[in-house]
Structure formats: C-alpha cells, structure tokens
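Below is one structure, written out as structure tokens; comments come after it.
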Amino acid sequence: MAGRLTGKVAFITGAARGQGRAHAVRLASEGADIVAVDLAGPLPHVPYDSPTPADLEETVRLVEAQDRRIVAERCDVRDLEAMRAAVDRAVAELGRLDVVVANAGICIPAAWDRTTPAVFQDTMDINVVGVWNTVMVGAPHLIAAGGGSIILTSSYAGKKMQPFMVHYTASKHAVTGMTRAFAAELGPHRIRVNSVHPGAVNTPMGSGRMVEELDAASQTNPPLAAMGTPFLPQWSAEPEEIAATVAFLASDDAGYITAEHISIDGGAQYY
C-alpha cells in the first residue's frame, strides 16, 4: 500500500536528532525521500548538548532503513546562500521538492534581566532568520512542482508565552506571524503554510544543564513556573507525536488547511 507521501520529497532542517529526525523518519515511512540539513556542531549559548555529525549520520541510516533516499548536509540555517546551494543540489539529485519543514531552533532559559544581547541575537538569527531562509530557498522549488506544503515549527511559546524566555517567546511569535504571511502570499501557488506548536518534548534539548537552568530561572518568579502545565498526565510529548502531525500537514489529508497553528502540548497553552 502506497504511503501518503509516495513520490514526494521533503526538506527538513535540524534533522540530526530530536523532532527533526522524527520528522525525517516519519515522512520517509509515508513514502517521501528526504533532504536533511543540520549544523551538526556547536550551538551558541545553549545549556544542552549540541548535535554532532554522528547524529546526522544516524538520521541517514534510519531513513535508508525505510527504503527511501536521503541527501544530508551539514549546513547553518543562518547562511542563506549555503542553504540555497544545499537545497538546489539535493533537488537536482532527487528531482523535485514538495514539502518544507523548518524545524531547526534553539532554546536558552534566562530571566529577562539575565538575557544578554548575544543570546537574544542568536535566538532571533536561528529561530526567525533561519526559518525565513528555509522558506526562501524551498518555496521556489515547491512553486516549480505545482504546489506543496510548508510546516514551520513554532512552540507553545508562539501562542501564549514561555516564562523566563523573552527572546524565545519573541522568536516563536515571529514564526506564527510568518506562517500567516507566507500562507497568504504563497496560496496562489497551491502552497499551504501551517505551524506546529509543541509544548515540552522528550528530546536532547533537555540534556546537559537545561533542567538546571530552567530551575534557576524559575526561582526569579516562582508563580510563573506552573505555566504550561499539560492537562494530560503525560508531561512531555515524544518527538514521534509531533512528527505525526507534521506528516498529516504534509499530506493531501490536510489539503485545505493553511495559515493554521496546531498545538501539540497536552493542553498546556490553556494553563
């Protein structure tokens, strides 16, 4: 039985591990070939472990285990021309592009008065400019293919707010706005643009000193620490649960859904 994405090609950023890897594997299981990019190197200022080339190689192995093709490159989403070259090479090899998943992002806990200019700038450069770059290099190929689907990874922080992360909240609200704006202008090309809004997700973003840094920031204003508590007994989603929604949005099952913002947070946005 053919998958929902048979014959399609999907471009995914931040694909070395976590949600990006889950998206690559899930879309491949639905029949898509994959274009995977990731910095796969040290991330600026983050308290968790950075992705490695070995992580990206493991994503390649997992996609190939689905009997799908994958073109993987180390690439910084902040570098527009490097991104354009990587995508152009991959499309030349795989033949087309139908789906874009702008997943790459960073998250750095810090109270408002402990957020440095460098942390604010790097968060905006990766989470906002990087998403813009991803759409700008991918959309022309979707237009050439006659349409497609673009999925931007926002956050719980892009609908409500994330305590102790003014910079992250600003970046993810920007992604929510870009979703609507790109949906409006790309709609005539039969391109749908939607965003997904995870809450807590069980990924390597929780490694290293991440929990310690979150706890330290929470002590600056303890009543805010309870915000974002899910209604369900499961505190965090698995990355595969986010990938299931991405696969739906990438498929024709979501053929008349655009400019929408789908939460996958156990109800946390309402707490």
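Counting from 29, one number per residue, gives the positions in the sequence shown under our numbering.
Here a beta-carbon is modelled for each residue, glycine too, at the ideal position from N, C-alpha and C.
Here the structure is a predicted model, which is why all the values come from computation and not from measurement.
How close, in whole Å, do the beta carbons of A64 and A100 come, if the pair is a contact with beta carbons under 8 Å?
The residue given as residue 64 occupies position 36 in the sequence shown. The residue given as residue 100 occupies position 72 in the sequence shown. Contact flag correct, Cβ pair sits at about 4 Å.
Ordered along the chain, which non-local residues of its own chain (more than five positions away) have a Cβ less than 8 Å from that of I285?
In the sequence shown, residue 285 corresponds to position 257, counting from 1. Counting only Cβ-Cβ distances below 8 Å, and skipping sequence neighbours, we find R220, N222, L277.
Terminal residues of the continuous alpha helix (DSSP H) containing D141?
Residue mapping note: residue 141 aligns to position 113 of the sequence shown, counting from 1. Unbroken run through D141: none, as it is neither H nor E.
For R45, which of T204, D61, E85 has the nearest alpha-carbon?
Your numbering for residue 45 matches position 17 in the sequence shown. With distances taken between Cα atoms, R45 lies closest to E85.
Could you give the distance in angstroms between the alpha-carbon of A228 and the alpha-carbon of I154?
Here residue 228 refers to the residue found at position 200 of the sequence shown. Here residue 154 refers to the residue found at position 126 of the sequence shown. In a straight line, the C-alpha of A228 is about 20 Å away from that of I154.
Alpha carbon to alpha carbon, how far is V127 from Y299?
As a working note, residue 127 is residue 99 in the sequence shown. As a working note, residue 299 is residue 271 in the sequence shown. If I take the Cα positions, the gap works out to 33 Å.
If you reduce the DSSP assignment to three classes, tell me which class E58 lands in.
As a position in the sequence shown, residue 58 is number 30, starting the count at 1. In the structure shown, E58 adopts coil according to DSSP, grouped into three states.
Check each candidate in P168, A287, S291 and name the one with the smallest Cα separation from I258.
Stepping through the sequence shown from its first residue, residue 258 is reached at position 230. As written in the sequence, residue 258 is Pro, which differs from the Ile given in the question. The residue among P168, A287, S291 with its C-alpha nearest the C-alpha of P258 is S291.
What residue range is occupied by the uninterrupted beta strand (DSSP E) comprising I219?
Against the sequence shown, residue 219 aligns to sequence position 191. Per DSSP, I219 belongs to the beta strand (DSSP E) from 219-226.
In chain order, which alpha helix (DSSP H) runs of at least 4 residues are fully inside the stretch 110-175?
Along the stretch 110-175, the alpha helix (DSSP H) occurs as fully enclosed runs of 4 or more residues at 145-152, 158-173, listed in sequence order.
Leaving out five residues on either side along the sequence, give the residues of the same chain with a beta carbon under 6 Å from the beta carbon of F148.
Position 120 of the sequence shown holds residue 148. Same-chain partners within the cutoff: H195.
Where DSSP assigns a beta bridge to H289, which residues make up the other side?
Taking the first residue of the sequence shown as 1, we reach residue 289 at position 261. DSSP output for H289 lists S223 as bridge partner(s).
Should the stretch 235-250 be called in touch with the stretch 207-219, which here means at least 3 C-beta pairs below 8 Å?
The stretch 207-219 and the stretch 235-250 do not touch, with fewer than three beta-carbon pairs separated by less than 8 Å.
Work out the CA separation of E288 and T207 for me, nearest whole Å.
Counting from 1 along the sequence shown, the entry for residue 207 is found at position 179. Counting from 1 along the sequence shown, the entry for residue 288 is found at position 260. One C-alpha to the other measures close to 8 Å.
Grab the span of the alpha helix (DSSP H) containing A100 for me, first residue to last.
As a first step, residue 100 is located in the sequence shown; it is residue number 72 there, counting from the start. From DSSP, A100 is part of no alpha helix (DSSP H) but of the beta strand (DSSP E) over 98-102.
CB-CB under 6 Å to D61, same chain, minus the five flanking residues each way: which ones, in chain order?
Position 33 of the sequence shown, counted from the first residue, corresponds to residue 61. Within the same chain, D61 has close Cβ partners V37, R96, R97, L122.
Of the residues T273, A138, N249, R112, which one's Cα is nearest the Cα of V74?
Against the sequence shown, residue 74 aligns to sequence position 46. The option with the nearest alpha carbon to V74 is A138.
A130 and V159: beta carbons closer than 8 Å?
Residue 130 sits at position 102 when you count from the first residue of the sequence shown. Residue 159 sits at position 131 when you count from the first residue of the sequence shown. Yes, Cβ-Cβ distance for A130 and V159 is below 8 Å.
Boundaries (first-last residue) of the beta strand (DSSP E) holding T248:
Your numbering for residue 248 matches position 220 in the sequence shown. Where T248 is concerned, there is no enclosing beta strand (DSSP E), because DSSP gives it neither an H nor an E.
In whole angstroms, what separates the C-alpha of T34 from that of E58?
As a working mapping, residue 34 is identified with position 6 in the sequence shown. As a working mapping, residue 58 is identified with position 30 in the sequence shown. So the two alpha carbons sit approximately 7 Å from each other.
If you drop the 5 nearest sequence neighbours on each side, which residues of the same chain put their C-beta closer than 7 Å to that of V163?
Along the sequence shown, one-based indexing puts residue 163 at 135. So the qualifying residues of the chain are V128, A130, I178, F210.
Does the stretch 250-268 come close enough to the stretch 47-58 to have 3 or more Cβ pairs within less than 8 Å?
Contact holds: three or more Cβ-Cβ distances are below 8 Å.
Nearest-angstrom Cα separation, counted from D107 out to E92
Here residue 92 refers to the residue found at position 64 when the sequence shown is read from its first residue. Here residue 107 refers to the residue found at position 79 when the sequence shown is read from its first residue. So the alpha carbons of these two residues sit roughly 27 Å apart.
So F28 is in the alpha helix (DSSP H); what residue range does that whole segment cover?
There is no way to answer for residue 28, as the model of the chain reaches only from 29 to 299.
Close-in-space but distant-in-sequence residues of the same chain around G174 (CB under 7 Å, 5 per side omitted):
As a working mapping, residue 174 is identified with position 146 in the sequence shown. Hits under 7 Å: R218.
If distances are taken between C-alpha atoms only, which option among A132, A296, K187 comes closest to H201?
Position 173 of the sequence shown, counting from 1, holds the residue named residue 201. When only C-alpha atoms are compared, the closest one is K187.
Suppose you measure from the CA of V224 to the CA of P79; what does that come to, to the nearest Å?
As a working note, residue 224 is residue 196 in the sequence shown. As a working note, residue 79 is residue 51 in the sequence shown. Separation of V224 and P79 (C-alpha to C-alpha, rounded to the nearest whole angstrom) is 22 Å.
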